[in-house]
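Chains as they are written, first to last, in this note's numbering: chain A, 172 to 566; chain B, 172 to 566. Inspection log for the structure reproduced underneath, given as structure tokens.
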């Protein structure tokens with residue numbers, strides 16, 4: 172009865188989401204305090220107090236017909252203006268409200284971009300490991316996602332292979348930095364090299380290749396590391412942003428897409444993605460939260476908690492014998508599975524009520540993703556279990 | 172540079188949305204009090220006070236990690252449970268939370284349904300006049316929208332033509348009652364006849380034909396007219412609901428889809444549309460507003476204002492010589508254009524700073540849609556202009 176395009180999706184469903192449901196089931200059986208669910212990127216730091224205050228102030232003082240009403244499909248003008256100015260101030264860019272399209276989170280932002288730029292069988296490249304939903308976002312618009320294999324030493328992007336895999340059908344490259352699941356942040360040098368390769372191939376094939384920079388973790392960078400603003404290095408760049416992680420609002424579905432005026436055919440592209448926002452059914456980003464985030468643009472996320480978690484879990488797991496690079500950003504550890512088949516390793520972990528996600532869900536088998544956007548207390552309670560897991564699985 | 176699928180959309184853009192932008196431009200030139208914008212279904216009645224109180228209470232008393240966090244892609248269990256019970260109480264149905272999937276408004280609900288049920292070249296039928304975005308929603312998943320021509324006397328559905336147009340490729344029929352743009356409400360008898368035709372054709376072709384009941388205007392029914400609950404008459408029915416009109420929250424993007432357990436293959440379909448919710452990028456309906464609408468399920472919309480507008484505008488326009496059926500529900504008048512080409516009529520109206528939408532945008536040329544979800548005061552101020560418009564155009 173269901174459409175053919177959905178059969179595979181229904182059969183596989185999302186491993187990450189299944190874990191989420193499984194975590195809730197285990198919590199019902201063993202009590203939530205005895206389940207160590209590291210499966211989902213659901214922030215553990217609550218939304219800052221200013222979010223609450225802003226919500227209350229807006230509903231108390233502003234016209235309900237405006238704050239809950241329709242607006243331009245690209246979003247409220249004042250919100251887009253404030254966001255463009257905030258980006259300009261932080262990164263020395265030169266955007267106006269016309270370059271900003273408010274979206275139902277980053278996932279929706281990626282969808283409206285691919286709907287607007289992909290013709291059937293055109294290719295989108297990304298670096299493994301990568302967020303598994305990219306497959307659905309690209310295939311949803313009849314594109315083909317092609318994977319650049321991972322560099323297992325450093326998880327830095329494999330640029331030689333990128334260059335080799337670009338064809339005349341390549342329409343876009345997705346990058347995600349700070350990266351889910353590895354925590355790697357691409358340096359300015361790396362971004363410059365990527366830009367160089369794309370420029371070269373655009374000229375070689377006389378095509379346009381878009382760089383789609385998926386940046387929900389932009390603010391989650393530790394040790395003072397800077398995350399370069401990609402539009403400054405390559406004009407055909409879309410920036411896809413979400414407030415899910417920075418303001419701990421993943422359920423509210425609020426983000427934006429940046430389309431620089433320097434992008435080829437930018438005016439038509441802005442119109443297309445604004446229309447796509449409408450016709451995929453989002454219509455517009457949720458109105459009240461557009462106004463809320465406008466009031467919270469200068470709030471830095473609570474990095475301290477995540478950083479403490481990062482150091483605690485990284486140091487402990489290393490001391491038990493697990494292998495892992497130290498993440499520079501985001502809130503995930505990407506740990507080498509001590510057992511070749513990492514799904515088996517995930518199953519053994521479940522015996523200890525520890526849940527994490529197999530790397531095969533990120534096109535990188537042999538590893539697992541451990542989300543440390545959880546309470547520090549839960550990490551502490553989980554450590555003896557991780558130790559037992561190490562003893563059972565590391566030889 | 173943009174995808175072929177978007178070229179046409181970019182060229183035509185949405186006439187309704189253009190009107191909306193044009194209205195704002197005219198307001199800048201002539202002052203908002205001298206522009207009579209009847210183009211958009213943006214409720215003029217503010218969200219009820221309980222919405223505000225509910226928002227404040229939730230953010231003051233509930234855990235921000237829950238109210239702004241991820242949940243099951245189908246929505247919060249407590250919200251879906253409350254909605255199912257509310258429907259059961261009102262309509263004598265038998266739903267549980269499993270039958271409810273929270274969505275980013277009705278537009279998103281329609282998208283995830285078509286993504287889940289349509290294979291390439293399968294057909295979806297609807298009755299003209301109809302909400303023009305149905306084309307994009309169906310074509311977005313490679314389906315073909317087929318139109319049953321309007322009955323210009325009554326705007327009741329043309330059932331004979333419906334029956335003739337159902338083929339083995341027919342996958343769904345969209346109905347919209349109370350109807351945008353005519354205000355017609357389908358009676359129980361009409362729904363029964365539609366169900367009979369679909370049953371007969373399902374048996375004849377050994378197919379499943381879904382009835383997709385798009386119901387954003389369900390509560391906007393005047394004179395005590397009842398809107399039948401469609402799942403009671405036909406098991407393969409999706410109900411697509413939105414709180415945009417009933418609670419005046421169109422910008423918040425909050426609605427739901429009902430999938431009855433009696434539907435063929437309902438379990439797979441529920442899974443498919445829940446996954447579709449995720450992969451089209453909505454992920455889930457906005458979290459805070461899920462909780463808000465749960466607290467406002469028993470609030471009736473302010474029908475009085477719309478009813479006053481309906482009677483005022485209907486009676487006056489009739490008295491000036493315009494032809495129109497009296498709407499039973501929603502908040503639109505569908506008025507016969509006194510000039511054969513109704514776009515010309517719209518242009519003449521613009522001279523009087525009156526904006527409304529040509530019927531060709533609803534696959535029904537020769538008519539115009541006048542949205543009376545505006546302030547009664549604006550209607551009153553517009554009447555002398557309508558009178559001049561009548562004098563200029565009615566011969």
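Glycine residues also receive a C-beta, built at the ideal position from the N, C-alpha and C atoms.
In this structure, the beta-carbon distance from residue 440 of chain A to residue 430 of chain A falls below 8 Å. Within the stretch 439 to 483 of chain A, complete alpha helix (DSSP H) segments of at least 4 residues are found at 458 to 465, given in chain order. Identification of residues in the stretch 411 to 431 of chain A having a C-beta nearer than 7 Å to some C-beta of chain B yields 419, 420, 421, 422, 423, 424, given in sequence order.
With contacts defined by Cβ atoms closer than 8 Å, residue 209 of chain B and residue 527 of chain B form a contacting pair.
Residue nearest to residue 367 of chain A within the set A:376, A:556, A:405 is A:405 (criterion: CA-CA distance). Nearest neighbour of residue 334 of chain A by Cα position, chosen from A:189, A:370, A:349, turns out to be A:370. Rounded to whole angstroms, the Cβ separation of residue 409 of chain B and residue 428 of chain B is 6 Å, and the two are in contact under 8 Å.
With fewer than 16 other CB atoms across the displayed protein chains lying within 10 angstroms of its CB, residue 471 of chain A is exposed. Minimum Cα-Cα distance from residue 320 of chain B among the listed residues B:309, B:236, B:300 corresponds to B:300.
By the C-beta density criterion, residue 263 of chain A is exposed, having fewer than 16 other C-beta atoms within 10 angstroms. In terms of Cβ geometry, residue 270 of chain A and residue 432 of chain A form a close pair [threshold 8 Å]. When the Cα atoms are used, residue 454 of chain B and residue 479 of chain B turn out to be separated by approximately 39 Å. By the rule that beta-carbons nearer than 8 Å mark a contact, residue 236 of chain B touches chain A. Judged by beta-carbon spacing, residue 525 of chain B lies beyond the 8 Å limit of residue 563 of chain B, meaning their Cβ atoms are not closer than that value.
Interface with chain B (8 Å Cβ-Cβ cutoff): residue 406 of chain A is excluded. For the stretch 210 to 243 of chain B, the set of positions with a beta-carbon nearer than 8 Å to some beta-carbon of chain A reads 211, 213, 214, 215, 217, 218, 222, 223, 226, 227, 230, 231, 234, 235, 236, 238, 239, 240, 241, 242, 243 in chain order. Cβ neighbours of residue 268 of chain A within its own chain (closer than 7 Å, five residues either side excluded): 248, 251, 252, 255. Cβ neighbours of residue 340 of chain B within its own chain (closer than 6 Å, five residues either side excluded): 293, 294. Within chain B, the residues 172, 173 have their CB atoms less than 8 Å from the CB of residue 436 of chain A, given in chain order. Residues of chain B with a Cβ closer than 9 Å to the Cβ of residue 263 of chain A do not exist; the shortest Cβ-Cβ separation is about 27 Å. Listed along chain B, the residues sitting closer than 7 Å to residue 181 of chain A by beta-carbon distance are 439, 442, 443, 446. At least 8 Å separates the beta-carbon of residue 216 of chain A from that of residue 548 of chain A.
Rounded to the nearest whole angstrom, the C-alpha separation of residue 198 of chain A and residue 206 of chain A is 6 Å. Residues of the stretch 267 to 290 of chain B that bring their beta carbon within less than 9 Å of a beta carbon in chain A comprise 274, 275, 276, 277, 278, 279, 280, 281, 282, 283, 285, 286, 287, 288, 289, 290, in sequence order. Under the three-state reduction of DSSP, residue 264 of chain B is assigned to coil, being neither helix nor strand. Looking at B:200, B:555, B:459, B:296, the one whose alpha-carbon comes closest to that of residue 383 of chain B is B:296. By the rule that beta-carbons nearer than 8 Å mark a contact, residue 553 of chain B does not touch chain A. Residue 387 of chain A has its alpha-carbon roughly 15 Å from the corresponding atom of residue 240 of chain B. Counting only runs of at least 4 residues, the stretch 176 to 255 of chain A fully encloses the following alpha helix (DSSP H) elements, listed from N- to C-terminal order: 186 to 201, 220 to 232, 235 to 238. Taking 8 Å as the cut-off, the beta carbon of residue 411 of chain B is found no closer than this to the beta carbon of residue 289 of chain B.
Of the candidates A:492, A:424, A:456, the residue whose Cα lies closest to the Cα of residue 244 of chain A is A:456. Any Cβ of chain A closer than 8 Å to the Cβ of residue 373 of chain B would place that residue at the interface, and such an atom is absent. Ranked by Cα distance from residue 201 of chain A, the options A:542, A:283, A:537, A:523 are led by A:523. Taking 8 Å as the threshold, the shortest C-beta distance from residue 496 of chain A to chain B does not fall below it.
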